[in-house]
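Protein chains: 2
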Amino acid sequence: MDFREKLHFEERPNDLFAVGELLVDMISDEYDDTFLSSGYTKYPGGSPSNIAINAQKLGIRSQIAACVGNDGFGEFLLERLRQEDVNTHFIQRAEESTSLVVVTKSRATPIPIFYRGADYRLAYTPQLEEALLHSKLVHFSCWPISRLPSRRTIERAIDAAAAHGVRIGFDPNYHRMIWQAGEDGVSYVKSILSKADIVKPSEDDAERLFGPDTPANQLEKFLELGAKLVILTLGKDGALVSNGKETREYATMASEVADTTGAGDAFWSGFYAASIKGYPLEEALRLGFAVSAYKLKYTGAVVDLPRLEDIKSQYRL
Amino acid sequence: MDFREKLHFEERPNDLFAVGELLVDMISDEYDDTFLSSGYTKYPGGSPSNIAINAQKLGIRSQIAACVGNDGFGEFLLERLRQEDVNTHFIQRAEESTSLVVVTKSRATPIPIFYRGADYRLAYTPQLEEALLHSKLVHFSCWPISRLPSRRTIERAIDAAAAHGVRIGFDPNYHRMIWQAGEDGVSYVKSILSKADIVKPSEDDAERLFGPDTPANQLEKFLELGAKLVILTLGKDGALVSNGKETREYATMASEVADTTGAGDAFWSGFYAASIKGYPLEEALRLGFAVSAYKLKYTGAVVDLPRLEDIKSQYRL
Chain E
1 MDFREKLHFE ERPNDLFAVG ELLVDMISDE YDDTFLSSGY TKYPGGSPSN IAINAQKLGI
61 RSQIAACVGN DGFGEFLLER LRQEDVNTHF IQRAEESTSL VVVTKSRATP IPIFYRGADY
121 RLAYTPQLEE ALLHSKLVHF SCWPISRLPS RRTIERAIDA AAAHGVRIGF DPNYHRMIWQ
181 AGEDGVSYVK SILSKADIVK PSEDDAERLF GPDTPANQLE KFLELGAKLV ILTLGKDGAL
241 VSNGKETREY ATMASEVADT TGAGDAFWSG FYAASIKGYP LEEALRLGFA VSAYKLKYTG
301 AVVDLPRLED IKSQYRL
Chain P
1001 MDFREKLHFE ERPNDLFAVG ELLVDMISDE YDDTFLSSGY TKYPGGSPSN IAINAQKLGI
1061 RSQIAACVGN DGFGEFLLER LRQEDVNTHF IQRAEESTSL VVVTKSRATP IPIFYRGADY
1121 RLAYTPQLEE ALLHSKLVHF SCWPISRLPS RRTIERAIDA AAAHGVRIGF DPNYHRMIWQ
1181 AGEDGVSYVK SILSKADIVK PSEDDAERLF GPDTPANQLE KFLELGAKLV ILTLGKDGAL
1241 VSNGKETREY ATMASEVADT TGAGDAFWSG FYAASIKGYP LEEALRLGFA VSAYKLKYTG
1301 AVVDLPRLED IKSQYRL
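One line per chain: the protein sequences are E and P, in this order. Here the first sequence stands for residues 1 to 317, where the numbers follow this note's numbering. Here the second sequence stands for residues 1001 to 1317, where the numbers follow this note's numbering.
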């Protein structure tokens, strides 16, 4: 993948197919290191749906496959997708409760409490396969690969995508707590890296997978494991991107930071939208960083993004 | 068990040992039939801890065995028990998240969403057995018997209690949703009834176990399955109590109803406290209904109960 060239996509009726977690985030209203605060607010969560919604706003077609419970939280998440005009045709329902993450905000590092339910019951259905093979690009994070049976669903999706020229984007957002005790999630995540066309670890992800090291060394480790294009994000220090032959540095474009939630998903959306719209890799990366910078100015995981072309002119790209 | 006689207890250093669920209730701030409301408030939950706290306030010694996660919700529940001066020595910690129930209040029937985690990991430990055999009475509900491994813990506790003269109180609060798909919870609950000294179903519990029928017929079904003393509560219509030979009717003592949450737990606490304090069955039942009536005047699952003797004189018993 040369920085001056366009990512090639097969001609397909859909652009982006995001597969994985769709869940509720329950976040404390106050900062509280004692866990004694009592008020919480619920938000729709799960990065695939954030990315699908963002991408649609930026001007590409997107679909999402996920699994929610037959419960009120499942209804809430479906209703939100409908409000955002996202197709809910590939949302499966399971007997288990809709997955939930509780975050009690903390001045120290907030430690989320995970309630995995329906999300990892995502099945590889003929409908899911059809949607996959009708898409240019499939995206997933560590959530669905962290548990069975959704891990098998992703493995089958990876095989089908590879066989049919669907591009694969993978967010190696490894967290020990979403894996089951006794499972070696780190090794599994490492084993998947070579199967993706694009991986975008954050510095924290890299440290959780490889231990502490310099950004340049971390980048090298992803490449050694077979990753083809590595976008290592460094927060306010921008990003390092390597295709294995050439490494480029990117400064952050963020001027104002109101809320960092969803900034990574905003990058993915902008990068995917730009790549699908035919911008060369170098420009698609800059457009991704611009969309992320735009999102950082506003509060919320998903903000009201303009079309990609508007962001392009706002950021003079 | 004659209505004029005292329940006999072995001499033991502790009075009541409540075993089972200790969890967080997350309840919506507003009534909402669409699940779109966003604000929730967290409360400590689980009837064994409500009963243990109440019983202590009424003037008997109580202990609780339960299992919570190594997380902020677990800390929150432990802190609350400490605030109520309940011994936390028998609270186990598990890798799983602290169990959580989300209730979105509804004008129709609210449908809770259950997130079972640590609660059913309760293990039968030497400490638990020692606490059990040092108690006059053990209490549990359907929560711990609905899943393994806590089901085995309760089965072992029942055997040890029976072998050592510890009285057994069982709340047959059967709900399909806390059992796993494919398991026959109804049959299991029925099979446990004969092992308890006291069972207290509500009319709804009876209907969930046996289908709709008259209160007198429902009472009969519990007795046929071997229950020794059945306290069938009928809401505003009071209660029917039978020892298999004689059935007595009790009118409600509630004058004001601010909140029905925890009314059943208040009955259990009052009935246990009175029985342990040596009141004959007839009086212990009336004192239980009086404690429940007292609780109904206030909002919250656990309210600031006075000593049992104060309630006795307030209700002229």
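Note that beta-carbon positions come from the ideal geometry of N, C-alpha and C, so glycine has one too. This structure is a prediction, so every number in the text was calculated from the model and none was measured.
query: CB contact below 8 Å: Leu-36(E) versus chain P; result: yes
query: Pro-1048(P) (DSSP reduced to helix, strand or coil); result: helix
query: Spatial distance of Ile-1231(P) from Phe-1271(P) (CA atoms); result: 11 Å
query: Buried or exposed by the 16-neighbour rule on C-beta atoms within 10 Å, applied to Pro-13(E); result: exposed
query: Three-state class that DSSP yields for Ser-141(E) in the structure shown; result: strand
query: Beta-bridge partners of Tyr-1040(P), as assigned by DSSP; result: Tyr-40(E) and Ser-1028(P)
query: Nearest-angstrom Cβ-Cβ length linking Ser-1255(P) and Ala-1293(P), presumed shorter than 8 Å; result: 7 Å
query: Supposed close pair Arg-167(E), Leu-137(E) - CB separation, criterion 8 Å; result: 4 Å
query: The segment 56-70 of chain E contacting the segment 1018-1027 of chain P, beta-carbon criterion three pairs below 8 Å; result: no
query: Interface positions of the segment 1115-1131 of chain P facing chain E (Cβ-Cβ less than 8 Å), listed along the chain; result: Tyr-1115 and Gly-1117
query: Backbone CA spacing between Leu-319(E) and Gln-83(E) [nearest angstrom]; result: The requested residue 319(E) does not occur in the structure, where chain E is confined to residues 1 to 317.
query: Outcome for His-1139(P) when other beta-carbon atoms lying within 10 angstroms are tallied against a minimum of 16; result: buried
query: Neighbourhood of Trp-1179(P) by C-beta distance below 7 Å, restricted to the same chain and skipping five residues each side; result: Ser-1146 and Gly-1185
query: 3 or more residues per run - each beta strand (DSSP E) lying fully within the segment 247-305 of chain E; result: 247-250
query: Beta-bridge partners of Phe-210(E), as assigned by DSSP; result: According to DSSP, Phe-210(E) bridges with nothing at all.
query: Residue burial classification, Val-1189(P) (beta-carbon count within 10 angstroms, cutoff 16); result: buried
query: Beta-ladder partner(s) of Leu-1058(P), from DSSP; result: DSSP, once it has assigned bridges, lists no residue as partnering Leu-1058(P).
query: Beta-carbon contacts of Asn-1050(P) that lie in its chain and below 6 Å, excluding the five residues immediately before and after; result: Gly-1262, Asp-1265, Ala-1301 and Val-1302
query: Gly-169(E): first and last residue of the uninterrupted beta strand (DSSP E) it sits in; result: 167-171
query: Per-residue DSSP class, three states only, for Val-199(E); result: strand
query: Gly-72(E) versus Arg-116(E) - alpha carbon distance; result: 16 Å
query: Rounded C-alpha distance that separates Gly-1176(P) from Pro-1212(P); result: Here the sequence assigns Arg to residue 1176(P), which means Gly is not the residue at that position. Cα to Cα, the separation comes out at about 16 Å.
query: Candidates Ile-27(E), Leu-225(E) and Leu-58(E), of which the one nearest Ala-290(E) by Cα; result: Leu-58(E)
query: Residue closest to Pro-126(E), alpha-carbon to alpha-carbon, out of Arg-156(E), Gly-45(E), Glu-11(E) and Leu-81(E); result: Arg-156(E)
query: Secondary structure of Val-186(E), DSSP reduced to three states; result: helix
query: Ser-1242(P), DSSP secondary structure in three states; result: strand
query: Burial state of Glu-1224(P) (16 or more Cβ within 10 Å); result: exposed
query: Sequence-distant residues of the same chain with beta carbon closer than 8 Å to Val-86(E), five excluded per side; result: Ser-49, Ala-52, Ile-53, Gln-56, Ser-62, Gln-63 and Ile-64
query: Chain-order list of residues whose beta-carbon lies under 7 Å from that of Pro-172(E) (same chain, five-residue window excluded); result: Cys-142, Val-189, Leu-193, Val-199, Pro-201, Asp-205 and Leu-209
query: Residue span of the alpha helix (DSSP H) that contains Arg-1152(P), given as start and end; result: 1150-1163
query: Alpha-carbon to alpha-carbon, Thr-1260(P) and Lys-1295(P); result: 8 Å
query: Backbone secondary structure at Asp-1310(P) - three-state DSSP; result: helix
query: Any C-beta of chain P under 8 Å from that of Lys-195(E); result: no
query: Top-ranked residue by Cα proximity to Gly-235(E), from Glu-203(E), Glu-246(E), Ala-123(E) and Lys-221(E); result: Glu-203(E)
query: Thr-247(E) versus Gly-226(E), Leu-81(E), Glu-220(E) and Tyr-124(E), residue with shortest Cα-Cα distance; result: Glu-220(E)
query: Chain-ordered neighbours of Ala-1181(P) on chain E, where CB pairs are closer than 7 Å; result: Glu-95
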